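What follows is one structure encoded as structure tokens, with my remarks underneath.
Residue numbers (the working numbering): 17 to 291.
Here it is as structure tokens:
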């Protein structure tokens, strides 16, 4: 399947998923058939957006058409998309610039990136390739997640580990919330590259391996990254609290660095473990 066809299908599926979850009352619309209060019809979206119903239907069907930016902006406004979701739609349609990184394969972090990770000492940190393969990590991250060094390279992918590794599931204080958020962030980044064989293979394997992934992938949730508190339940050290940050080296924009900064109590206990 060609990449542009994959992007058109993803765009159509995303718009449909958002349309089907809209609250009819928020648009001043009565319940639909059988008292359904959630989900608008295509005809209603096209009318509210000022777009012909045929054109909007083709858009959801992933037809080979060329919608203008004005049309996509109008539809995004009608669907009450967030800024991140709106950007996602424009990117899939070829209007927004690609997100940082061109999606090139990265197996191992460059030496200078690895040295930076190591210099962070008691701050767990790792490097992610565009497909979320874990391309490098420091000793503190290995103290938090010892399995990272033993995991085969083809499975050393953050999304794969979150949905298939029992240790990761037990380590995360809020696995359900965190797994949903990571998946939405991954989709926001990967959308324009879902036609790439590496991405198709990863998604196919996860659909087979994880019922939770399969169900959540169909929801088409999209979220931009935000720094936030992360809580881990370490099997030996107990509750650990970090703040989660994301960075991109200006000379290696295809790589993102994830850094966890510990709070005071965690720094004291976790720091002794790392040193």
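We put the CB at the ideal spot given by N, CA and C, even for glycine. Nothing here was measured: the structure is a model prediction, and the numbers come from that model.
For the pair residue 181 and residue 163, the CB atoms are nearer than the 8 Å cut-off.
In the three-state scheme derived from DSSP, where H, G and I count as helix and E and B as strand, residue 122 is classed as coil. For the pair residue 108 and residue 38, the CB atoms are not nearer than the 8 Å cut-off.
Judged by DSSP in its simplified three-state form, residue 173 adopts strand.
Around the C-beta of residue 92, 16 or more other C-beta atoms lie within 10 Å, and the residue is accordingly described as buried. Around the CB of residue 23, 16 or more other CB atoms lie within 10 Å, so the residue is classed as buried.
Its chain contains 175, 176, 179, 180, 229, 230, 233 as the residues whose beta carbon lies nearer than 8 Å to that of residue 222, once the 5 sequence neighbours on both sides are disregarded; these appear in chain order. Fewer than three Cβ pairs drawn from the stretch 180-194 and the stretch 134-145 lie within less than 8 Å of each other, which leaves the two stretches out of contact. Assigned with DSSP and collapsed to three states, residue 208 falls in helix. Taken atom to atom, the span from the alpha-carbon of residue 274 to that of residue 88 is near 33 Å. A direct Cα-Cα distance of roughly 18 Å separates residue 97 from residue 73. In the displayed model, residue 161 falls within coil according to three-state DSSP, outside both helix and strand.
In this model, residue 158 and residue 144 are separated by some 15 Å (Cα to Cα). In the DSSP assignment, no residue is bridged to residue 287. From the listed residues 36, 78, 215, 156, the smallest Cα separation to residue 55 is found for 36. The continuous beta strand (DSSP E) containing residue 246 extends over residues 244-250. Within the same chain, Cβ atoms closer than 7 Å to the Cβ of residue 124 are found at 151, 152, the five residues on either side in sequence being excluded.
With contacts defined by Cβ atoms closer than 8 Å, residue 271 and residue 69 do not form a contacting pair. Cα atoms of residue 40 and residue 59: separation of roughly 13 Å, rounded to the nearest angstrom.
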